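Structure, as structure tokens:
Shown next as structure tokens:
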């Protein structure tokens, strides 16, 4: 949906929304999968949301009842109830929060997964739930085309602890091939039409429709080779629509741009960063994109490490960017690979990053990794202070109080994540959320989706608040945080990491109007219901990027 299309709906919206109430709106989480537009209005005219519980997330944790938006920014809180020409929405007491910000995920590549994304699989908690949403999805996808979900899902999320059978998938989607993949490369499952497709391409499929982890890369690779640029673009638009339906309005992509475990030459895969650059130039982005670029390998003849070239190329392409897309720094790997600590020139490489005034976020899971990276941070910071560069440790499993003290001393932070909610990877763990918050270090929320964790921020917030995994088992006891603390990690905390704290993260006069009207009362619902929270209305810079059914009609024309 381009900015021009948003503008086409402005005049209609000015009439159609005046006095409309959200009271009793149906919870709608299709994320754009019905084929109907999810963007409804432009931000060209003033907008007033009234009669709500607006959690501003400012420093005083102010709760307002109305917000006035003008020229894409917050013009007033508890201000005028009417303005000439303004659209007015009666929220009927609904909760409003700032747009959510994910400080570390893999968005660019997973958003372009082949096929038609079954996004709401993330909140399917049984095989019957999955089959039900699949039956709905087939109505909006042309017969013969793949329906897929790749990465942050797995049979561990279902009450039955199994994938649907081939027969069950055939019954739910008799005219569509199916491909559901857990983690980087499986295990995966398909139906009869999918099995025929994969077997034609020499990908082994069991009689029950399962594809082993050793063959998942081949299966996904086959789908990628058949994908066109337009397919990838459609997928990315659907993924952004799903993000908006969750209230996720800004994402920090952690060095994305390739598929793990897929043996397909990069030049044969459509899209990548170039697709997002194209959509940015065409004003088609509906979610704010912040990009990091990583590197690996040894220094060149000039002593400069590859990550420097990666960043310089990106900056040459994007320049300063704008509010919708910009390059913000290095990550998630700067030099070395998974778990490597011995003999890796962290200090030299990090020094080259600091000398150029760049931000850096470094993948780190274990005590040994934390020690190596934090020591290098300290050495570099003694020569080139990094506090204003907002460096951070990514993930933060096993961080100790000593690590946190040292990070706080140099002005660095943590993008805290977990893989314990949905255990689909051997790299299981969860950040010590309580300890990190109590330390005073800068901390942000990270899903690390979508290869090994779900995108849905409410699943991660549920884990932060309860310490429980998808099965309801207590797996991070003693590290639970409050609901407001979890929300702050996804708002002001993440805005610090992405250098957006002056414009985003809280609803304050003068800031950009990124906000979310929630489907239920976040602060009072039972903990289990946090998992299925969603947005009934999401704005980015005052533009509505997601709305429930009763507002979609306003986009016509």
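In this note's numbering, the protein residues as written are 1432 to 1988. The beta carbon of each residue, even a glycine, is placed where N, CA and C say it ideally should be. Small disclaimer: the values here were computed from a predicted structure and weren't measured.
request  = Output the distance between the C-alpha atoms of residue 1884 and residue 1855, rounded to the nearest integer angstrom.
outcome  = The count along the chain shown starts at 1 and reaches residue 1884 at position 453. The count along the chain shown starts at 1 and reaches residue 1855 at position 424. If I take the Cα positions, the gap works out to 8 Å.
message = According to DSSP, residue 1784 sits in a beta bridge with which residue or residues?
response = To locate residue 1784, count along the chain shown from 1; it is residue 353. DSSP lists no partner for residue 1784.
ask   = Taking only runs of the beta strand (DSSP E) that begin and end inside the stretch 1533 to 1592, which ones reach a length of at least 3 residues, in chain order?
value = Listed in chain order, the beta strand (DSSP E) runs fully inside the stretch 1533 to 1592 are 1578 to 1582, counting runs of at least 3 residues.
task = Compute the beta-carbon to beta-carbon distance between residue 1599 and residue 1557, rounded to the nearest angstrom, for a pair I have assumed lies under 8 Å.
result = For this step, residue 1599 is matched to residue 168 along the chain shown. For this step, residue 1557 is matched to residue 126 along the chain shown. Actually they do not touch by this definition, with Cβ atoms about 12 Å apart.
task = Tell me, please, whether the stretch 1886 to 1905 touches the stretch 1673 to 1683 by the rule of three or more beta-carbon pairs shorter than 8 Å.
result = Yes, they touch.
Outcome for residue 1989 when other beta-carbon atoms lying within 10 angstroms are tallied against a minimum of 16 = Residue 1989 lies beyond the residue range present for the chain, which begins at 1432 and ends at 1988; the question has no answer from this structure.
inquiry  = Shorter than 6 Å, the distance from the beta carbon of residue 1816 to the closest heavy atom of the ligand GDP, or not?
reply    = Because no ligand of any kind appears in the structure shown, any question about the ligand GDP cannot be addressed here.
message = According to DSSP, residue 1612 sits in a beta bridge with which residue or residues?
response = If you number the chain shown from 1, residue 1612 lands on position 181. Looking at the DSSP assignment, residue 1612 forms a beta bridge with 1581 and 1619.
inquiry  = I'd like to check one pair, residue 1929 with residue 1787: are the Cβ atoms closer than 7 Å?
reply    = On the chain shown, residue 1787 is found 356 positions in, with the first residue counted as 1. On the chain shown, residue 1929 is found 498 positions in, with the first residue counted as 1. No, Cβ-Cβ distance for residue 1787 and residue 1929 is not below 7 Å.
message = Measuring straight from C-alpha to C-alpha, what distance separates residue 1911 and residue 1596?
response = Taking the first residue of the chain shown as 1, we reach residue 1911 at position 480. Taking the first residue of the chain shown as 1, we reach residue 1596 at position 165. Here the C-alpha atom of residue 1911 lies approximately 36 Å from the C-alpha atom of residue 1596.
query = Any idea what DSSP makes of residue 1905, helix, strand or coil?
reply = For the purposes of this step, residue 1905 is taken as residue 474 along the chain shown, with counting starting at 1. Strand, per DSSP.
ask   = Under the three-state reduction of DSSP, which class applies to residue 1493: helix, strand or coil?
value = Taking the first residue of the chain shown as position 1, residue 1493 is located at position 62. In this structure, residue 1493 counts as coil in the three-state DSSP scheme.
ask   = Whose C-beta lies closer than 8 Å to the C-beta of residue 1865 among residues of the same chain, with five residues either side of it excluded?
value = Taking the chain shown and counting its residues from 1, one reaches residue 1865 at position 434. Correct list, in chain order: 1909, 1910, 1911 and 1912.
key: residue 1963 vs residue 1526 beta-carbon contact at 7 Å   = Your numbering for residue 1963 matches position 532 in the chain shown. Your numbering for residue 1526 matches position 95 in the chain shown. Not a contact, by the Cβ cut-off of 7 Å.
key: Own chain partners of residue 1799 with C-beta closer than 7 Å, once the 5 adjacent residues on each side are dropped   = If you number the chain shown from 1, residue 1799 lands on position 368. Counting only Cβ-Cβ distances below 7 Å, and skipping sequence neighbours, we find 1772.
message = Out of 1655, 1774, 1588 and 1538, which one is the CA nearest neighbour of residue 1719?
response = For the purposes of this step, residue 1719 is identified with residue 288 of the chain shown, where counting begins at 1. Answer by Cα proximity: 1538.
inquiry  = Against chain B, with Cβ distances strictly below 7 Å, would residue 1821 count as a contact?
reply    = Of the protein chains in this structure there is only one, and it is not chain B.
key: Sufficient close CB pairs (3 or more, under 8 Å) joining the stretch 1528 to 1535 to the stretch 1916 to 1925   = Remark: three or more beta-carbon pairs, one from each stretch, lie closer than 8 Å, so the stretch 1528 to 1535 and the stretch 1916 to 1925 are flagged as touching.
request  = Keeping to the same chain, check which residues put their C-beta closer than 6 Å to that of residue 1609; ignore five residues upstream and five downstream.
outcome  = On the chain shown, residue 1609 is found 178 positions in, with the first residue counted as 1. If we look at residue 1609 and ignore the five residues flanking it on each side, its Cβ neighbours are 1578, 1600, 1621, 1622 and 1625.
ask   = Enumerated in chain order, which unbroken segments of the alpha helix (DSSP H) with a length of 4 residues or greater are wholly contained in the stretch 1784 to 1822?
value = Every alpha helix (DSSP H) of 4 residues or more that sits fully in the stretch 1784 to 1822 is shown, in chain order, as 1798 to 1814.
ask   = Residue range of the alpha helix (DSSP H) that residue 1864 falls in?
value = Residue mapping note: residue 1864 aligns to position 433 of the chain shown, counting from 1. Residue 1864 -> alpha helix (DSSP H) spans 1864 to 1870.
task = For my contact list, residue 1520 and residue 1480 are in at a C-beta cut-off of 8 Å; report their separation, rounded to the angstrom.
result = Position 89 of the chain shown, counted from the start, is the residue given in the question as residue 1520. Position 49 of the chain shown, counted from the start, is the residue given in the question as residue 1480. For a cut-off of 8 Å, the C-beta gap from residue 1520 to residue 1480 is around 5 Å, short enough to register as a contact.
query = What are the boundary residues of the beta strand (DSSP E) that includes residue 1499?
reply = Residue numbering aside, residue 1499 sits at position 68 when the chain shown is read from its first letter. Per DSSP, residue 1499 belongs to the beta strand (DSSP E) from 1498 to 1501.
query = So does the stretch 1696 to 1712 actually touch the stretch 1734 to 1741, counting three or more Cβ pairs closer than 8 Å?
reply = No, because fewer than three Cβ pairs between the stretch 1696 to 1712 and the stretch 1734 to 1741 fall closer than 8 Å, the two stretches do not touch.
inquiry  = Using a Cβ-Cβ cutoff of less than 6 Å, which residues in the same chain neighbour residue 1507 once the five nearest sequence positions on both sides are dropped?
reply    = For this step, residue 1507 is matched to residue 76 along the chain shown. The answer, listed in chain order, is 1499.
ask   = If we count the other Cβ atoms within 10 Å of its Cβ and call it buried at 16 or more, is residue 1669 buried or exposed?
value = Indexing the chain shown from 1 puts residue 1669 at position 238. With at least 16 other beta carbons inside 10 angstroms of its own, residue 1669 counts as buried.
key: residue 1684 versus residue 1535 - alpha carbon distance   = The residue you call residue 1684 lines up with position 253 of the chain shown. The residue you call residue 1535 lines up with position 104 of the chain shown. The straight-line gap from Cα to Cα measures roughly 6 Å.
ask   = Any idea what DSSP makes of residue 1674, helix, strand or coil?
value = As a first step, residue 1674 must be located in the chain shown, where it is residue number 243. Residue 1674 carries a helical assignment under DSSP once its states are collapsed to helix, strand and coil.
Cutoff 7 Å; reference residue 1783; Cβ partners in own chain excluding five residues on either side = One-based indexing of the chain shown puts residue 1783 at position 352. 1735, 1736 and 1739, listed in sequence order.
query = Tell me, which residues are paired with residue 1975 by DSSP?
reply = Counting from 1 along the chain shown, the entry for residue 1975 is found at position 544. Residue pairing for residue 1975: DSSP places it in a beta bridge opposite 1970.
task = Identify which residue in 1756, 1574, 1630 and 1581 has its Cα closest to the Cα of residue 1613.
result = For the purposes of this step, residue 1613 is identified with residue 182 of the chain shown, where counting begins at 1. Here the closest residue by C-alpha is 1581.
Alpha carbon of residue 1644 to alpha carbon of residue 1842, nearest angstrom = Looking up residue 1644 in the chain shown gives position 213. Looking up residue 1842 in the chain shown gives position 411. For the pair residue 1644 and residue 1842, the Cα-to-Cα distance works out to about 41 Å.
query = Can you tell which of 1615, 1664, 1639 and 1638 has its C-alpha closest to the C-alpha of residue 1650?
reply = Position 219 of the chain shown holds residue 1650. That would be 1615, whose Cα lies nearest to the Cα of residue 1650.
request  = Mind checking who residue 1484 pairs with in its DSSP beta bridge?
outcome  = Position 53 of the chain shown, counted from the first residue, corresponds to residue 1484. Under the DSSP definition of a beta bridge, residue 1484 partners with 1526.
message = Tell me the residue span of the beta strand (DSSP E) that contains residue 1756.
response = Numbered from 1 along the chain shown, position 325 holds the residue referred to as residue 1756. From DSSP, the beta strand (DSSP E) with residue 1756 extends over 1756 to 1761.
message = Measuring only the C-alpha atoms, how far is residue 1848 from residue 1573?
response = Walking along the chain shown from the start, residue 1848 turns up at place 417. Walking along the chain shown from the start, residue 1573 turns up at place 142. When rounded, the distance between both Cα atoms is 37 Å.
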